[in-house]
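A.B. asks: In my numbering, the protein residues as written are 530 to 595.
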């Protein structure tokens, strides 16, 4: 059986009006990537915190497909 996949929304701790939405199968590693500057779209506004995360059993559900 596959592991969980996540849709997540991040909020910048330095500019709370800044948000980023993404997809991942490893939430902790992905947050670390955002906060270490490895993601070019979010590097400028780090650090980030997880505002919302929703887990799905499979990627098709995560993408809104039956």
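We put the beta carbon where it would ideally sit given N, CA and C, even for glycine.
Quantities reported herein were computed from a predicted structural model and do not represent experimental measurements.
Give me, in chain order, the residues of the same chain whose beta-carbon lies closer than 6 Å to that of residue 544; leave out the 5 immediate sequence neighbours on both sides.
C.D. replies: Locating residue 544 in the chain shown gives position 15, counting from the first residue. Cβ within range, chain order: 574.
A.B. asks: What alpha helix (DSSP H) runs, 4 residues minimum, are completely inside the region 550 to 594?
C.D. replies: 556 to 564, 588 to 591, all fully within the region 550 to 594.
A.B. asks: Put residue 546 into one of helix, strand or coil per three-state DSSP.
C.D. replies: Indexing the chain shown from 1 puts residue 546 at position 17. Coil at residue 546, not helix or strand.
A.B. asks: Would you mind sorting residue 534 into buried or exposed? The rule is 16 or more other CB atoms within 10 Å of its CB.
C.D. replies: On the chain shown, position 5 is the one that residue 534 refers to. By the 10 Å Cβ count, residue 534 comes out buried.
A.B. asks: Please identify the residue among 586, 578, 587 whose C-alpha is closest to the C-alpha of residue 550.
C.D. replies: By 1-based counting over the chain shown, the position of residue 550 is 21. The shortest Cα separation from residue 550 among 586, 578, 587 belongs to 578.
A.B. asks: Please name the residue, chosen from 570, 587, 584, that lies closest to residue 548 on a Cα-to-Cα basis.
C.D. replies: Sequence index remark: in the chain shown, residue 548 carries index 19 (1-based). Selected option, being the one with the closest Cα: 570.
A.B. asks: Just tell me which of 541, 553, 538 has its CA closest to the CA of residue 586.
C.D. replies: The residue you call residue 586 lines up with position 57 of the chain shown. Measuring from the Cα of residue 586, the nearest candidate turns out to be 553.
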